[in-house]
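Q: In the working numbering, the protein residues as written are 117 to 511. Idealized CB from N, CA, C, for every residue including glycine. It should be emphasised that the depicted structure is a prediction, and the values quoted were computed from it without experimental measurement.
(1) Compute the Euclidean distance between the alpha carbons of residue 304 and residue 230, then round it to the nearest angstrom.
(2) Between the Cα of residue 432 and those of 486, 190, 381, spot the shortest distance and give me the residue it belongs to.
(3) Terminal residues of the continuous beta strand (DSSP E) containing residue 197?
(4) Counting pairs of beta carbons, one from the region 416-435 and one from the region 306-325, are three or more of them closer than 8 angstroms?
(5) Can you give the Cα-Cα distance for residue 124 and residue 173, rounded to whole angstroms?
(6) Where does the unbroken alpha helix (DSSP H) through residue 213 begin, and where does it stop?
(7) From the DSSP output, read off the bridge partner residues of residue 308.
(8) I need the boundaries of the alpha helix (DSSP H) containing residue 171, first residue and last residue.
(9) Would you decide whether residue 159 is buried or exposed? Buried here means 16 or more other CB atoms lie within 10 Å of its CB.
(10) By how many angstroms is the C-alpha of residue 481 removed from the C-alpha of residue 184?
(11) Spatial neighbours of residue 170 within its chain, please: CB distance less than 8 angstroms, with the 5 preceding and 5 following residues excluded, ordered by chain position.
(12) Whole angstroms is fine: what's the gap from residue 372's alpha carbon to residue 468's?
(13) Quick one: give me the first and last residue of the beta strand (DSSP E) that residue 369 is part of.
(14) If residue 165 sits next to residue 191, beta carbons under 8 angstroms apart, how far is it from one beta carbon to the other, in whole angstroms?
(15) Taking Cβ positions, are residue 450 and residue 394 nearer each other than 8 angstroms?
(16) Let me know if residue 505 comes out buried or exposed under the rule of 16 or more other beta-carbons within 10 Å of its beta-carbon.
In structure tokens form, the structure reads like this:
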């Protein structure tokens, strides 16, 4: 461990990999012997794709999902040994990347299938692809009634083989499951119609479906937010969703304390004025770290086990906390919890999302790369390496 790196950062994300292990076991218990293909896109939903991916591989998970081929390349270059499915569509010009690294693309156009086949054939390889069918998401994917013709055309492309067919839910987390059940029925018909094409894996279920839609399990499931211990929706019916354990805590420390009189304007724009003589703490946390400026004056933080209000505008690198109620105890260096437990209280990503009018996914994926991710596994804390940055130079 590079102690200087660890000590240089006061604001950090702490990852509990025991909780990740627990969450994977919970999800696996639902789907039985079917494989889980966890999604670690968007830097592992803000947790660290490198750390999360490595732990999943150590647990025996052999296939992982990302959104973009650039994410897949970064993971591979860390030494990660896993099959990687790239979920989002890309351009034909990226075909050689898939062939070179052996990634499995999700395909929904014949142009892409043709380009992949051509790139693979030049090297004497054959690349596995997954066909995306739009059963109701309304985003990317071929129509269900086009699947057979699409597969028939793919037979002409000798550099590819169709390993999987997949779809995605837009409303699986809602109380009313009727639309999702219609999607499942459509996907069943797609599976039946494509029987003669040697497709081994049909996959559909996301986190919400794993808990609430067992008919969506098919041959594999792709959990995302739930592996990190966060609920895919507040309206999941399955009570076992409450067994999920958050993997991430977000913490910082007080770097400065100042007593100010009543009526003092704080931070940019002076949108907040103290109502009494107040003790104000400065912490090295701002929107540059992923804390939304829109949460200014709408946020509680935990200090010495007590909720303290954030006050004034959140700046790029700092924000202010009213710790007047802790005047007799608080000191510079005290821990401040943004997400996580302290004492008998807890602040969750869901709470921040509710205050911001968004979802827990956005809260955690917005945590900036400059915030180090630290592994916690019992004791002690183990520092991760500094975030890798890929410089892209256009000539």
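A: By the coordinates alone:
(1) 27 angstroms
(2) 486
(3) Residue 197 -> no beta strand (DSSP E), and no H or E assigned at all.
(4) no
(5) 30 angstroms
(6) 211-217
(7) Paired residue(s): none; residue 308 is not in a bridge.
(8) 165-174
(9) buried
(10) 15 angstroms
(11) 194, 196
(12) 24 angstroms
(13) 364-369
(14) 6 angstroms
(15) no
(16) Residue confidence for residue 505 is low, a pLDDT of 40 falling below 50, so the modelled location carries little weight; the figure read from the coordinates is stated next. Exposed is the call here.
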